[in-house]
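Residue 43 is where the sequence shown starts when you use this note's numbering, and the numbers rise one by one after that.
These notes are about the structure you will find just below.
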Amino acid sequence: MTTTETDNATTETPPAGRVTEEELARKARRAELTSRWFWRILSYVAVLAIWEFALLDIFSFLRGSPLDPKLLPGPSEVVATFFEIWGEGTMPAAFQATLTRIAVGFGLSFLIGAMIGILMQSKWFEGFFKDAVLISLSAPGLIWVLITAIIFGNRPLGPAIAIILTTFAL
């Protein structure tokens with residue numbers, strides 16, 4: 043082993059061919075991260091492959107594909123359509139419309155929630171809103187989304203109300 047002095051500190055360098063504990067720890071961390079990410083990425087690839095495979099016409103003996111491509115297009119078609127929309131230049135307008143609905147939904151949810159929270163400081167309003175808040179908290183957010191989809195359909199107001207009901211428990 044050789045010893046080097048730098049600014050009153052002595053560091054030892056291991057002989058050639060020997061690995062320090064720090065290098066071993068770094069290799070172990072890298073191997074653990076690689077293993078974790080490998081399985082995570084592999085699971086996504088497997089889901090996408092199964093999804094694409096389920097849309098193939100090889101299931102003709104079962105009267106067609108188990109999935110209807112019009113209802114749920116495959117990943118390859120989704121990616122192709124994404125690049126087609128991006129190339130046409132309609133993506134920014136669609137993205138802006140989506141973000142506007144989300145912002146309106148969250149904004150209204152915040153205002154309604156803050157207003158009801160302030161009002162619930164009063165015993166009368168607490169008694170009035172308590173049961174409605176408890177009942178709505180017990181229902182999962184997905185239920186509120188489905189209910190608003192059934193009631194409002196594909197109208198612009200539907201997604202905003204779905205966001206309000208999902209983020210605010212009423």
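For glycine and all other residues, C-beta sits at the position ideal for the given N, C-alpha and C.
Legend entry - Rounded C-alpha distance that separates L161 from G155: One-based indexing of the sequence shown puts residue 161 at position 119. One-based indexing of the sequence shown puts residue 155 at position 113. Roughly 10 Å separates the two Cα atoms.
Legend entry - At least three beta-carbon pairs within less than 8 Å, the segment 137 to 144 to the segment 190 to 208: By the criterion of at least three beta-carbon pairs nearer than 8 Å, the segment 137 to 144 is in contact with the segment 190 to 208.
Legend entry - L75, DSSP secondary structure in three states: Here residue 75 refers to the residue found at position 33 of the sequence shown. The answer is helix: DSSP assigns L75 an H, G or I state.
Inset, instruction - Please classify I92: is it buried, with 16 or more other beta-carbons within 10 angstroms of its beta-carbon, or exposed? - result: Taking the first residue of the sequence shown as 1, we reach residue 92 at position 50. When all chains shown are included, I92 counts as exposed.
Legend entry - Start-end ranges of the alpha helix (DSSP H) lying completely within the segment 88 to 150, minimum 4 residues: Qualifying alpha helix (DSSP H) stretches, in chain order: 117 to 130.
Legend entry - Cβ pair T208, W186 closer than 7 Å: In the sequence shown, residue 208 corresponds to position 166, counting from 1. In the sequence shown, residue 186 corresponds to position 144, counting from 1. Contact flag set, yes.
Legend entry - Option in K165, V89, I206 with minimal Cα separation from L153: Numbered from its first residue, the sequence shown carries residue 153 at position 111. When C-alpha distances from L153 are compared across K165, V89, I206, the shortest belongs to I206.
Inset, instruction - For S118, count neighbouring Cβ atoms within 10 angstroms of its own Cβ and tell me buried if that reaches 16, exposed if not. - result: Locating residue 118 in the sequence shown gives position 76, counting from the first residue. It is exposed - the Cβ of S118 has fewer than 16 other Cβ atoms within 10 Å.
Inset, instruction - Assign P201 to one of three DSSP states: helix, strand, or coil. - result: Counted from its first residue, the sequence shown places residue 201 at position 159. Three-state DSSP puts P201 in a helix.
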